[in-house]
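Keeping their order, the protein sequence lines are chains A and B. Numbering follows the numbering used here, in which position 131 of the first sequence is assigned residue number 145; successive positions increment by one, without gaps. Numbering follows the numbering used here, in which position 218 of the second sequence is assigned residue number 531; successive positions increment by one, without gaps. For every residue, glycine included, the Cβ atom is placed at its ideal position computed from N, Cα and C.
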Amino acid sequence: MKKIISLLAIILIFTACKDNNAKDNGKLNIVTTTTMLTDLVQNIGGDMVNAQGLMGSGVDPHLYKASEGDVSKLVNADIIFYSGLHLEGKLVEVLEKMESSNKTTIALADALDKKTLIGSEYFASNYDPHVWFDINYFEQFAEKTAAVLAEKDPTNAAKYEANKNAYIIKLEALQNTIKQTIETLPKEKRVLVTAHDAFNYFGKAYGFEVVGLQGISTATEAGVQDVQKLATFIIDKQIKAIFIESSVPKRTIEALQASVNSKGHDVKIGGTLYSDALGTTGTVEGTYIGMFEYNVNTIVNALK
Amino acid sequence: MNSAQIEIQLIASLVAIACAIPGTFLVLRKMAMISDAISHAILPGIVIGFFVTQDLNSPVLILLAALTGIITVVLVEYIQKTGLVKEDTAIGLVFPALFSIGVILIAKNANDVHLDVDAVLLGELAFAPFDRLLIGGTDVGPKSLWVIGSILLVTISLLILFFKELKVSTFDTGLSASLGFSPAIIHYGLMSVSSVTTVGAFDAVGAILVVALMIAPAASAYLLTTDLKKMLALAISFGVFSAVFGYWVAHWLDASIAGSITTMLGIVFLLVYLFAPSKGIIAVMYRERQQRTEVSLLTFLLHLKNHEELEERHVNHLYEHINWQKVRARSVLDLAQKNNMILIEKNIVSLTKKGNEFTSKAIDYIITNEDSQIEDMKDDFFLFRG
């Protein structure tokens, strides 16, 4: 026993020597969970904050696994923004607990009016977490983010406010563009079939009927019956295209396509939609606005 | 290194020690897979706990989980005692049944709640430092550090108190019963400790790492020693080494901590498996090759003793007659010569006096098959081994 304890002590002392160089330089260290939030914080915080995301592009937030580097990110964070409504699975619980040990963690979805959210049929307090697909909600995220940043860093409060206003103007413009794009699609063709139920808010806000193959949680698998039912639905409605999502394996959607095709109806795969994560950083789809435009264009073009 | 990193290594090391102790006994009792079984079979305990408390964060869920773990062990023991199936079969029968009861309970009654083992037991080492224990508003450290610390303390006390009993009942159940310790009580005690450790460690580090930490260090230690105390010490050292080193591998690679620790455990076992002095694969291969040469040498000497004819003893003939490859025949000849067993004159091989005596003894042994005959021969025979 003694040997082991001394061994441990030696290792700890040895490793303690190479200390982390905390890059403070006066900026707020901000950690976000999903790529959407990282983009949002970068837009509002600009150069005044260090924003780091935990989940990369293409990561499914329900199934996110932490890596060693995430520990240091969380430890050094001044503010942690997350989406909430159980989107980040167990991480939400951890973040809620961190709140009690005086770290600022903000669930942006808490800022939304719960009555307007889409709830679970059986359990009153469970909501669909994919709120960012309604741009109005994302604008509220922006308001909340700016308010929190201003509170934590009062010297730059005016700049945050200005950035936020500029960003909201962009979001409004985005909203107008996509509404115009959607107008070009006849009403009866506005049916969106995807792998999981991520697009309910999108459907509600922009007049699409949304059908997902799996439930809200991507952890469950689609059953044979789900595929058959959905195949009949697609044929009845004469739907031209169905969609893959970037953070969900395309296997199930391909199975659905095969099932529809075998019944004599030709359905295309309309393209890959970004659902729970943005595209690669640096590309147009790597920003919230670019992602949204891309999704809408893909949907409208494929269903026309 | 920040405090969270130190805490993670501390938690991982404590879990490693807490797992290595019951793990050593599980490996010796050939019940290693029971920890995997427990980690699955606790699901119904969690589900029932949720139905009773309606709260995913209640400690009742974890208590019931540990209890289901013990039930698993009792059922396995019961089925195995019937003598109709083997231990591993009994494990395989019990835990899928319990697990599926849990799955059915969820499907019937709680399909809309995110209820599974993961939802109740955190199982992510990276987040462990952020789940703090607050006593009267003061932060006293990560909760899992306290949970694992307490489990470890109980485990070590039990180990010290019942070391003799555990030792005897592990290696000789009959003897232990005749000495007056009930093997059943020791067995259930050990299994309860394993169950509680599995559930507690599961919460801190996740299911796969628990199974790996219970089995891999003990299995590696098993290859290195036959002394129980040494085996325990080695298992603990391997576990702690893998935990700390695995953590730093995860740091360098920015990868999952549990994944890196498990990989380290695998590497440690592989190295021990290859290089262990007596049971390692390289040592075994070396020994087998030596034995093969020894047997060949003996065959060769017997052949010489049986044949007086010159043509039977010609070097070239030996290659054909005994049907050896030239290289092997050469090495056997060299060996025999080195030990002064044979003489080679003009390519004719003959036994020396020493070789003759040696071969006679060997024949005696083959005929009588008495061990005493071969005892003093070993000195001659294994000369070349040194």
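Task: alpha helix (DSSP H) runs contained entirely in the region 497-531 of chain B, provided each spans 4 or more residues - done: none
Open item on the list: Between the region 314-324 of chain B and the region 454-462 of chain B, can you find at least three pairs of beta-carbon atoms closer than 8 angstroms?
Closed with: yes
Task: Contacts around A:Val89, its chain only, beta-carbon distance under 6 angstroms, and the 5 residues preceding and following it disregarded - done: For the purposes of this step, residue 89 of chain A is taken as residue 75 along the first sequence, with counting starting at 1. For A:Val89, where only same-chain residues beyond five positions count, there are no Cβ hits under 6 angstroms.
Open item on the list: Is the separation between the beta-carbon of A:Ile132 and that of A:Asp124 shorter than 7 angstroms?
Closed with: On the first sequence, residue 132 of chain A is found 118 positions in, with the first residue counted as 1. On the first sequence, residue 124 of chain A is found 110 positions in, with the first residue counted as 1. Against a cut-off of 7 angstroms, the Cβ pair of A:Asp124 and A:Ile132 comes out as no contact.
Open item on the list: I'd like to check one pair, A:Asp127 with A:Tyr215: are the Cβ atoms closer than 7 angstroms?
Closed with: By 1-based counting over the first sequence, the position of residue 215 of chain A is 201. By 1-based counting over the first sequence, the position of residue 127 of chain A is 113. Contact: no.
TODO: Using a Cβ-Cβ cut-off of 7 angstroms, state whether A:Asn35 counts as contacting chain B.
DONE: Along the first sequence, read from residue 1 onward, the residue named residue 35 of chain A stands at position 21. Interpretation of A:Asn35 is limited by its pLDDT of 38, a score under 50 that renders its predicted location unreliable; no figure is taken from the coordinates.
TODO: At 3 residues or longer, and completely inside the region 158-229 of chain A: list those beta strand (DSSP E) runs for me, N to C.
DONE: Counting whole runs of 3 or more residues, the region 158-229 of chain A contains the beta strand (DSSP E) stretches 205-210, 223-228.
TODO: Mind checking the region 68-102 of chain A against chain B and listing, in chain order, the residues whose C-beta falls within less than 7 angstroms of any C-beta there?
DONE: Of all residues in the region 68-102 of chain A, Lys79, Ala80, Ser81, Glu82, Gly83, Asp84, Val85, Ser86, Leu88, Val89, His100 have a Cβ within less than 7 angstroms of some Cβ in chain B.
Task: Residues of its chain near B:Ser663, where Cβ-Cβ distance is below 6 angstroms and the 5 sequence neighbours each way are ignored - done: For the purposes of this step, residue 663 of chain B is taken as the residue at position 350 of the second sequence. Leu656, listed in sequence order.
Open item on the list: Between A:Tyr288, A:Glu110, A:Ala156, which has its C-alpha nearest A:Gly70's C-alpha?
Closed with: Within the first sequence, residue 70 of chain A is the residue found at index 56, counting from 1. That would be A:Tyr288, whose Cα lies nearest to the Cα of A:Gly70.
- [ ] For A:Asp92, collect the residues of the same chain with a Cβ closer than 6 angstroms to its Cβ; drop the 5 residues on either side in sequence, then sort them by chain order.
- [x] Position 78 of the first sequence, counting from 1, holds the residue named residue 92 of chain A. Taken in chain order, the residues that qualify are Leu42, Asn43.
- [ ] Might you give, ordered along the chain, the residues of its own chain that have their beta carbon closer than 8 angstroms to the beta carbon of A:Ile97, omitting 5 neighbours on each side?
- [x] In the first sequence, the residue the question calls residue 97 of chain A occupies position 83. Looking at the sequence itself, residue 97 of chain A is Ser, so the reference to Ile does not match. Once the five neighbours on either side are set aside, the close Cβ partners of A:Ser97 are Thr47, Thr48, Met50, Leu51, Pro75, Ala121, Leu122, Ala123, Pro143, Val145, Trp146.
Open item on the list: Among the candidates B:Asn619, B:Glu622, B:Ile661, whose CA atom is the shortest distance from the CA of B:Asn629?
Closed with: Reading the second sequence from its first residue, position 316 is the one you call residue 629 of chain B. The option with the nearest alpha carbon to B:Asn629 is B:Ile661.
- [ ] Evaluate A:Thr232 with the Cβ neighbour count: other Cβ atoms within 10 Å of its Cβ, from every protein chain shown; 16 or more gives buried, anything less gives exposed.
- [x] Here residue 232 of chain A corresponds to residue number 218 of the first sequence, with the count starting at 1. For A:Thr232, the predicted structure reports a pLDDT of 49, less than 50, and the residue's modelled location is therefore unreliable. A value from the coordinates is still provided. Burial state of A:Thr232 is buried, judged by a 10 Å Cβ sphere holding 16 or more other Cβ atoms.
Task: Buried/exposed call for B:Leu578, threshold 16 Cβ in 10 Å - done: Counting from 1 along the second sequence, the entry for residue 578 of chain B is found at position 265. The residue in question, B:Leu578, is buried, as its Cβ has 16 or more Cβ neighbours within 10 Å.
Open item on the list: Residues of the region 566-589 of chain B in Cβ contact with chain A at a cutoff of 7 angstroms, in chain order, please.
Closed with: Asp567, Ala568, Ser569, Ile570
TODO: Taking 7 angstroms as the cut-off, decide whether the C-beta atoms of B:Val506 and B:Pro372 are in contact.
DONE: Translated into positions along the second sequence, residue 506 of chain B becomes position 193. Translated into positions along the second sequence, residue 372 of chain B becomes position 59. In this structure, B:Val506 lies away from B:Pro372, with their beta-carbon atoms at least 7 angstroms apart.
- [ ] Compare the C-beta of B:Glu320 against all C-beta atoms of chain A and say whether one is closer than 7 angstroms.
- [x] Your numbering for residue 320 of chain B matches position 7 in the second sequence. It does not; no Cβ of chain A falls within 7 angstroms.
Open item on the list: Whether or not the region 508-522 of chain B and the region 325-333 of chain B are in contact is what I'm after, with contact meaning three or more pairs of Cβ atoms, one per stretch, closer than 8 angstroms; do they touch?
Closed with: yes
Task: First through last residue of the alpha helix (DSSP H) which encompasses B:Ser573 - done: The residue given as residue 573 of chain B occupies position 260 in the second sequence. 570-588 is the span of the alpha helix (DSSP H), which, as asked, contains B:Ser573.
Open item on the list: With a threshold of 7 angstroms between beta-carbons, can A:Met112 be considered close to chain B, or not?
Closed with: For the purposes of this step, residue 112 of chain A is taken as residue 98 along the first sequence, with counting starting at 1. Judged by the 7 angstroms Cβ criterion, A:Met112 is in contact with chain B.
Open item on the list: Taking only three categories from DSSP, how would you classify A:Gln66?
Closed with: As a first step, residue 66 of chain A must be located in the first sequence, where it is residue number 52. Looking at A:Gln66 - three-state DSSP - the assignment turns out to be strand.
Open item on the list: Excluding the 5 residues flanking B:Val562 on each side, which residues of the same chain have their C-beta closer than 6 angstroms to its C-beta?
Closed with: Locating residue 562 of chain B in the second sequence gives position 249, where the first residue counts as 1. Closer than 6 angstroms at the Cβ level, and outside the excluded window around B:Val562, lie Ser573.
Task: Interface partners of A:Val108 on chain D, CB under 7 angstroms - done: Of the protein chains in the structure, A and B, none is chain D.
Open item on the list: I'd like to know if B:Ala563 contacts chain A, where contact means its C-beta is closer than 7 angstroms to some C-beta of that chain.
Closed with: Indexing the second sequence from 1 puts residue 563 of chain B at position 250. Yes - at least one Cβ of chain A is within 7 angstroms of the one on B:Ala563.
Open item on the list: Would B:Ile448 and B:Glu478 qualify as a contact pair, given that the criterion is a beta-carbon distance under 7 angstroms?
Closed with: To locate residue 448 of chain B, count along the second sequence from 1; it is residue 135. To locate residue 478 of chain B, count along the second sequence from 1; it is residue 165. Cβ atoms of B:Ile448 and B:Glu478: not closer than 7 angstroms.
- [ ] Under 8 angstroms between beta-carbons, which chain A residues line up against B:Ala317? List them in chain order, please.
- [x] Residue mapping note: residue 317 of chain B aligns to position 4 of the second sequence, counting from 1. Going along chain A in sequence order, the residues near B:Ala317 (Cβ under 8 angstroms) are Val85, Ser86, Leu88, Val89.
Task: Residues of its chain near B:Val557, where Cβ-Cβ distance is below 8 angstroms and the 5 sequence neighbours each way are ignored - done: Stepping through the second sequence from its first residue, residue 557 of chain B is reached at position 244. Result list for B:Val557: Gln322, Ala325, Ser326, in chain order.
Open item on the list: Looking at B:Pro466: is its Cβ nearer than 7 angstroms to the Cβ of B:Cys332?
Closed with: Along the second sequence, one-based indexing puts residue 466 of chain B at 153. Along the second sequence, one-based indexing puts residue 332 of chain B at 19. The amino acid at residue 466 of chain B is misidentified as Pro; the sequence shows Leu. For B:Leu466 and B:Cys332, no; Cβs fall outside 7 angstroms.
TODO: Give the straight-line distance between the Cα atoms of B:Leu646 and B:Lys618, rounded to the nearest whole angstrom.
DONE: For the purposes of this step, residue 646 of chain B is taken as the residue at position 333 of the second sequence. For the purposes of this step, residue 618 of chain B is taken as the residue at position 305 of the second sequence. Here the alpha carbons of B:Lys618 and B:Leu646 stand approximately 15 angstroms from one another.
Task: alpha helix (DSSP H) segment containing B:Leu602, residue limits - done: Numbered from its first residue, the second sequence carries residue 602 of chain B at position 289. Per the sequence presented here, residue 602 of chain B reads as Arg, with Leu not at that position. Its alpha helix (DSSP H) spans residues 594-619.
Task: Nearest to A:Phe95 (by Cα), restricted to the options A:Ile182, A:Ala316, A:Met112, A:Glu307 - done: Looking up residue 95 of chain A in the first sequence gives position 81. When each option's Cα is compared against that of A:Phe95, the closest is A:Met112.
- [ ] Give the range of the beta strand (DSSP E) segment to which A:Ile132 is assigned.
- [x] Mapped onto the first sequence, residue 132 of chain A falls at position 118. Boundaries for A:Ile132: no beta strand (DSSP E) harbours it, and the DSSP string shows neither H nor E there.
- [ ] Please state whether DSSP places A:His279 in a helix, a strand or coil.
- [x] Along the first sequence, one-based indexing puts residue 279 of chain A at 265. Three-state DSSP puts A:His279 in coil, outside helix and strand.
Task: Interface flag, B:Glu437 vs chain A, CB-CB below 7 angstroms - done: By one-based count along the second sequence, residue 437 of chain B stands at place 124. Closer than 7 angstroms to some Cβ of chain A, the Cβ of B:Glu437 qualifies, so yes.
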